[in-house]
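Student:
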Amino acid sequence: MASPQPFALTASAIAAQVRAQDASAVEICEFYVKRTAAHAQTLNTHLFFDADDVKAQARAIDQRVRSGETLPLAGVPVVVKDNISTKGVPTTCGSKILAGFRPPYDAHVVERLRAAGAVIFAKANCDEFAMGSSNENSAYGVVKNPWNINCVPGGSSGGSAAAVAADLAPIALGSDTGGSIRQPAALCGVAGLKPTYGRVSRYGLVAYGSSLDQIGPMARTVQDIALVTDVISGHDGRDSTSSKLAATELASALKPGESVRGLKIGLVREFFGEGMDQATRAAVTAAIETYKSLGAVVEELSLPALKYSIAAYYILATAEASANLARFDGVRYGHRHQEPGMSLKSMYRKSRSAGFGREVKQRIMLGTFALSSGYYDAYYAKANRARQTIANDFARAFQQVDLLVSPTSPTVAFKIGEKSQDPLAMYLADICTIAANLAGLPGISIPCGADPQGLPIGLQLMAPQFAEEKLLKGAYAYEQASQWHQRHPSL
Amino acid sequence: MPLKIDQELVLHVAGLANLELSADETRYYEAQLKKVLDYIGMLDAMPDELGPAWRSDTLGPATLERPDAEVASLDPEVALAGAPQKVGSAFQVPRIIE
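Order-wise, the sequence lines are chains W and Y. Residue 437 is where the first sequence starts when you use the numbering used here, and the numbers rise one by one after that. Residue -8 is where the second sequence starts when you use the numbering used here, and the numbers rise one by one after that.
(1) What does V78(Y) reach in chain W if we use C-beta pairs closer than 8 Å?
(2) So the alpha helix (DSSP H) V69(Y) belongs to, where does it begin and stop?
(3) For A849(W), which three-state DSSP category applies?
(4) Going along the chain, which residues of the region 815 to 838 of chain W sit with their C-beta nearer than 8 Å to a C-beta in chain Y?
(5) Which residues in chain W have a C-beta closer than 7 Å to the C-beta of A74(Y)? List them in chain order.
(6) Taking Cβ-Cβ distances below 7 Å as the criterion, which residues of the region 8 to 27 of chain Y are in contact with chain W?
(7) Hey, out of I450(W), E710(W), D488(W) and R697(W), whose CA is closest to A554(W)'s CA?
(8) Kindly list, in the order they appear in chain Y, the residues whose Cβ is closer than 7 Å to that of I893(W).
(9) Could you check which residue in P892(W), I464(W), I882(W) and I852(W) has the C-alpha nearest to that of E572(W)?
(10) Contact criterion: CB-CB distance below 8 Å. Does I87(Y) meet it with respect to chain W?
(11) Distance check for R772(W) and G610(W), CA to CA, integer angstroms please.
(12) Hey, quick one: how far does the beta strand (DSSP E) through E736(W) stretch, first residue to last?
(13) Which of the three DSSP states is assigned to P925(W) in this structure?
(14) So if DSSP puts H773(W) in a beta bridge, which residue, or which two residues, is it bridged to?
(15) For V667(W), which residues in the same chain have their Cβ closer than 7 Å to its Cβ, ignoring the five residues on either side in sequence?
(16) If the cut is a Cβ gap below 9 Å, which residues of chain Y does L742(W) touch?
(17) Since K517(W) sits in a beta bridge, which residues does DSSP pair it with?
(18) Taking the alpha-carbon positions, what's the Y727(W) to V734(W) distance?
(19) Please identify the residue among T446(W), S688(W), S531(W) and F902(W) whose C-alpha is closest to the C-alpha of R788(W).
(20) At which residues does the alpha helix (DSSP H) containing S729(W) begin and terminate?
(21) If I measure Cβ to Cβ from L24(Y) and keep anything under 7 Å in the same chain, skipping five residues before and after, which residues do I get?
(22) In this structure, what does DSSP give as the bridge partners for T522(W)?
(23) Just to make sure I have the definition right: I need the residues of chain Y whose C-beta is within less than 8 Å of the C-beta of T527(W). Which are they?
(24) Chain W partners of A70(Y), CB-CB under 9 Å?
(25) Could you say which of D498(W), T481(W) and Y633(W) lies nearest to S592(W) if we only look at CA atoms?
(26) As an exercise, report each continuous alpha helix (DSSP H) stretch of at least 4 residues that is fully enclosed by the region 628 to 700 of chain W, in chain order.
(27) Closer than 7 Å, Cβ to Cβ, to anything on chain Y: give me those residues from the region 709 to 733 of chain W, in chain order.
(28) Taking only the alpha-carbon atoms, compute the straight-line gap between G504(W) and L629(W) and give it to the nearest angstrom.
(29) Quick one: is E61(Y) near chain W, going by C-beta distance under 8 Å?
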């Protein structure tokens, strides 16, 4: 291989080397297989990993390259969150209820990745059905943060973020319903993008909150985020909410040294309130100063409805979850309680009660309550009005500025167990990310600092719907002016 | 939003959600739902700028419809591959008609 350590390479560089046949996909994958064997168990990042299958995929990609195919992700290993369907490969959503389930089809994003020459490398641990902010809700154990294994990696895409941070793969896919890509990316010191709702097909994503869910990439660099987003974006008729708006090519739009002079960035006052730790405030403030030094114009804004975002989210997301998760009943797939002479109703109830974990049951019940007779108007209808009010606040803000900036998380990674007995405290960890899902906006988290113990801090940028190019250009400008994305944890 | 969360309501909601709860779980969820719904009660204080005519179901992007065209479906054996119990080409469930 004509390269330094592959983990010093970006996905863009790996794909370029494999396309040029300077390195083979097999060589690249052998490196990541060794690294995975050394670290994945300690970090508990992976729920499924088959080294033989990885090597077989890599050999097939080398063959495609030799036959002249031009593959944008040639030989790039991608770890896929375990709530994204992979044909014939276990997909558990981090739940006992789907233990051993092998989907009969690939998700749209997985089809796109395979076609682009990526290696579907492993399935990543996650909070059960993507419900959580710490990865402590996985039925298969908590993922450890590579920067400090006593700390959580964030969630729900904690395995995906930790895998990229630990250089077990250059790219991972996550899903984001209330911050589940951006918050773990921040806590693990990598970049993570939640695209605009409708930009990436949800076909094959096991649904949590269908009007909020969105698949997106995690990577070390903004350029790699752009490369993968280009591959997975675009219309798919199998997702009725998939946008027909043509996706602009992002990777080629990012130009080194391109000025952000005159870019208007809004600093959202409500995201700098109580509960933010000192190191996060200092790092985000310093990042804003960097933008000013690059010529961006930063102004403070208020979006008063944001304070209702968590309350609205935990009604709307759980209401949708209560309907989406009704399909897990022990009939077509997953765990089934077996007992002679049992009624159908009893089978449903016992199967679900044994299969779902504590937090999932809580959210199903909360959503069922919000939709139940007598409470719908007081909760669900009111939460919908809050959602629209929040979206209106964003629309007004984007008449004044190009991008909005905030911390991604008010704190760095917290200790495992610190918040797990208090779900409401855990919900509040998503204070900075949830509103983008309610309004369907794209948001990205990029590394912007570290606390005195070295735990990463993330900067969030948000843009109007389908303004991913503007968003990534803004993120790329900061990345080029900083070195935070070049830090690697010692393992 | 005057609301009394008690064990009776928790068990009623669990029943609607097809869940069975142990006594410990019932106590746990009673406390959790109280706490979370108390927090969510802040929505009552939200100034409403939308007006009485606003409806959530008339806004937002139009749901696109697929063309009404025939497409291949899963083979029965593939669809049944993950079934905990099956009989012939069907999913098997406990007897429904007594």
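Glycine included, C-beta positions come from ideal geometry on N, C-alpha and C.
Tutor: On the basis of the supplied data:
(1) Here residue 78(Y) corresponds to residue number 87 of the second sequence, with the count starting at 1. Chain W residues near V78(Y): none, gap ~12 Å exceeds 8 Å.
(2) Your numbering for residue 69(Y) matches position 78 in the second sequence. Element bounds for V69(Y): P67 to A70.
(3) In the first sequence, the residue the question calls residue 849(W) occupies position 413. Of the three classes helix, strand and coil, the one that applies to A849(W) here is coil, per DSSP.
(4) Y815, A817, K818, A819, N820, R821, A822, R823, Q824, T825 and N828
(5) Within the second sequence, numbered from 1, the residue matching residue 74(Y) stands at position 83. R768 and Y769, listed in chain order.
(6) A8, N9, L10, E11, Y20, Q23, L24, K26 and V27
(7) Here residue 554(W) is taken as the residue at index 118 of the first sequence, counted from 1. Ranking I450(W), E710(W), D488(W) and R697(W) by Cα distance to A554(W) puts I450(W) first.
(8) Position 457 of the first sequence holds residue 893(W). Ordered by position in chain Y, no residue passes the 7 Å Cβ test against I893(W), which lies about 26 Å from the chain.
(9) For the purposes of this step, residue 572(W) is taken as the residue at position 136 of the first sequence. When only C-alpha atoms are compared, the closest one is I852(W).
(10) Residue mapping note: residue 87(Y) aligns to position 96 of the second sequence, counting from 1. Yes, contact with chain W.
(11) Locating residue 610(W) in the first sequence gives position 174, where the first residue counts as 1. Locating residue 772(W) in the first sequence gives position 336, where the first residue counts as 1. Taking the straight line from one Cα to the other gives about 28 Å.
(12) Position 300 of the first sequence, counted from the start, is the residue given in the question as residue 736(W). It spans V733 to L737 - the beta strand (DSSP E) in which E736(W) sits, taken as one unbroken run.
(13) Position 489 of the first sequence, counted from the first residue, corresponds to residue 925(W). In this structure, P925(W) counts as coil in the three-state DSSP scheme.
(14) Along the first sequence, read from residue 1 onward, the residue named residue 773(W) stands at position 337. Looking at the DSSP assignment, H773(W) forms no beta bridge with any residue, so it has no partner.
(15) Locating residue 667(W) in the first sequence gives position 231, counting from the first residue. Closer than 7 Å at Cβ, skipping near neighbours: P508, L509, R548, L549 and A552.
(16) Here residue 742(W) refers to the residue found at position 306 of the first sequence. Here the premise fails: no neighbours, minimum Cβ distance about 11 Å.
(17) Locating residue 517(W) in the first sequence gives position 81, counting from the first residue. In the DSSP output, where bridge partners are listed per residue, K517(W) has A560(W).
(18) For the purposes of this step, residue 727(W) is taken as the residue at position 291 of the first sequence. For the purposes of this step, residue 734(W) is taken as the residue at position 298 of the first sequence. Their Cα atoms are separated by approximately 8 Å.
(19) In the first sequence, counting from the first residue as 1, residue 788(W) sits at position 352. For R788(W), the nearest C-alpha among the options comes from S531(W).
(20) Translated into the one-based positions of the first sequence, residue 729(W) becomes position 293. Element bounds for S729(W): Q714 to S729.
(21) Counted from its first residue, the second sequence places residue 24(Y) at position 33. Only I(-4) and V1 meet the Cβ criterion.
(22) In the first sequence, residue 522(W) corresponds to position 86, counting from 1. Note: T522(W) sits in a beta bridge opposite V525(W).
(23) Within the first sequence, residue 527(W) is the residue found at index 91, counting from 1. Ordered by position in chain Y, no residue passes the 8 Å Cβ test against T527(W), which lies about 10 Å from the chain.
(24) Position 79 of the second sequence holds residue 70(Y). Simply P540 and R768.
(25) Position 156 of the first sequence, counting from 1, holds the residue named residue 592(W). That would be T481(W), whose Cα lies nearest to the Cα of S592(W).
(26) 658 to 668
(27) none
(28) Residue 504(W) sits at position 68 when you count from the first residue of the first sequence. Residue 629(W) sits at position 193 when you count from the first residue of the first sequence. Going from the Cα of G504(W) to the Cα of L629(W) covers about 31 Å.
(29) Translated into positions along the second sequence, residue 61(Y) becomes position 70. Closer than 8 Å: no.
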